[in-house]
Every structure is written in structure tokens, then in C-alpha cells.
Amino acid sequence: MSGAELTLRVHAFQSMGTVDGPGVRAVIFLQGCPLRCACCHNPDTWDPAGGINTDLDTLLHRIERCRPYFGPAGGVTVSGGEPLMQAKALLPLFRRLREKGIHTALDTSGCRLDDAVRTLLAETNLVLLDYKYTNDTDYRRYVGMPMDDVDHFLAYLQEKGIETWLRHVYIPTLNDNDASLSRLCKIGEAHSCVTRIELLPFRRLCLEKYREMGIPFPLADIREPTAAELDALRERYPKLTI
Ligand code: SF4
Numbered sequence: 002m003s004g005a006e007l008t009l010r011v012h013a014f015q016s017m018g019t020v021d022g023p024g025v026r027a028v029i030f031l032q033g034c035p036l037r038c039a040c041c042h043n044p045d046t047w048d049p050a051g052g053i054n055t056d057l058d059t060l061l062h063r064i065e066r067c068r069p070y071f072g073p074a075g076g077v078t079v080s081g082g083e084p085l086m087q088a089k090a091l092l093p094l095f096r097r098l099r100e101k102g103i104h105t106a107l108d109t110s111g112c113r114l115d116d117a118v119r120t121l122l123a124e125t126n127l128v129l130l131d132y133k134y135t136n137d138t139d140y141r142r143y144v145g146m147p148m149d150d151v152d153h154f155l156a157y158l159q160e161k162g163i164e165t166w167l168r169h170v171y172i173p174t175l176n177d178n179d180a181s182l183s184r185l186c187k188i189g190e191a192h193s194c195v196t197r198i199e200l201l202p203f204r205r206l207c208l209e210k211y212r213e214m215g216i217p218f219p220l221a222d223i224r225e226p227t228a229a230e231l232d233a234l235r236e237r238y239p240k241l242t243i
């Protein structure tokens, strides 16, 4: 099959991303997500029929144009939506990137672990794993999946020795308590594949997007954390990257 025949459903392409993995990166946001996280900032990525079909050669061409900016640490991150939903179609892209010596990262909820995903993970240098809550009740209520699923995914990354960053959106009133943050740190410590735990402050920037789409933002009444609150967290939890 030629590169032109392999297509991915792409929501957006960012050429100089600096917040989704190490260094400067090309970030490909794929379309389609089976989850409905209460804190989701990208509801426009949910519909698997949205986005644009983009072939492998086009993506590789765009990535090559960004490559001079990657430096030694950068590379390509595939995010979403949920990139695992297109694991099979992503595989040839990751294989080509690895052949070219380009670092590959996958930003995922860890909601799916089948043969296609396992094969893709074998070509992945780094997983940015959303670890949104530290108890099953909140996972089911605010993400829409059992916490067991993300734990199994993390256990698999540990078994295969795939470098992992945990990413946790810090949401006042929902998961801003010490018990939850201490559990998150312990989960990281218990897995040697985890080299970083990132705390991402909850932001309300997506409100307008929800309004435009005519759907309610479930966390519309929740405030953003203050700078002083984040400074205090940095002191109390030096193991977290905030
Ligand atoms: S997994 Fe990501 S894209 Fe899907 S609903 Fe959750 S935050 Fe949104």
C-alpha cells in the first residue's frame, strides 16, 4: 500500500508545539473520541466523522518541514480526540518516523488496549497518559470509563518499559485535595516507567467552544486555580511538574 492510500482522520496539525511532550514538536490532533470527560477542552474532536482525511505522505511532508525545529529533544506527538481509535492507521506513520529517527509520543486516555494498540505502542517512544482522577467513582462519573482501564494500560506500559508521563488536570473542588494528589504521586512512584507527573491547571478557555456547539460545559461553574494556589502546590509536591 502506498502512503497516499493510508489516511488518518485529522482534526488539526500544530507545527511548533511546546506543551505536549519534550522539546519542540509537531502535534497531530486526531478526530474522534469515545469518552466524554467533564473537563474536555476539545469537544469539537469527539465526532469521528469530523476532521479531514489526510494521507501518510501529506503528514510526513508537513512533519519534515517542521523537523529543523525539533532539536535533539523534540519530535512528533499524536493527540486527540483519542488517537488509540485510529491505532491501526497510525502504525505506518509511527514506523516511518522511527525509521527516520524522529521521536514519537502518544497523548492518550488509555481507554483501549487491543492488538492494534499494543503494536502501535511498540513503535512509541513516550506515552503521555491522562490520569484524571485517583478513584473509580470519579473516573466513571467524570470520564466515562472505569479506573481499571487506565490502570491496566499503565501496567502494560510498565511491563514493556515504555517511558510514560502521567498528566493530571487539577480541578478545584473535584480533585484538588491532598488525598488525591498524594495517591497520584504514589501511583507514579510505583511505576518505574513514569518519569514525570504533570499537573495541568483547569482552564475555562473552552467555554466559548461549547457555547458555539450548543452543548453545556459540565464544569462551567468551577473556577480556575489561582497562581498562589499553584505556587503552594509546587512547594508541597516537588515531584509534580506544574
Ligand atoms: S479523552 Fe480527551 S478528547 Fe476525549 S473526552 Fe476526554 S479530554 Fe476530551
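Take any residue in the sequence shown, count from 1 to its spot, add 1: that is its number in my numbering.
Ideal Cβ placement from N, Cα and C applies to all residues, glycine included.
Excluding five sequence positions before and after LEU130, the CB atoms of its chain that fall closer than 6 angstroms to its own CB belong to GLY111, THR165 and LEU167, given in chain order. By the 16-neighbour rule on beta-carbons within 10 angstroms, THR138 is exposed. Straight through space, the alpha carbons of ALA229 and LEU61 are spaced by roughly 43 angstroms.
For VAL77, the pairing in a beta bridge is given by DSSP as ALA27 and THR105.
Classified as buried, ASP45 has 16 or more neighbouring CB atoms from the shown chains inside 10 Å of its CB. Residue pairing by DSSP places GLY18 opposite ARG26 in a beta bridge.
Along the stretch 32 to 104, the alpha helix (DSSP H) occurs as fully enclosed runs of 4 or more residues at 57 to 67 and 88 to 100, listed in sequence order. Counted as a single uninterrupted DSSP element, the stretch harbouring GLU225 is not any alpha helix (DSSP H), since DSSP gives it neither H nor E. Residue ranges of uninterrupted alpha helix (DSSP H) with 4 or more members, entirely inside the stretch 162 to 198 and ordered along the chain, are 179 to 190. Spatial neighbours of TYR143 in its own chain (CB-CB distance under 6 angstroms, excluding positions within 5 residues in sequence) are listed in chain order as ALA39.
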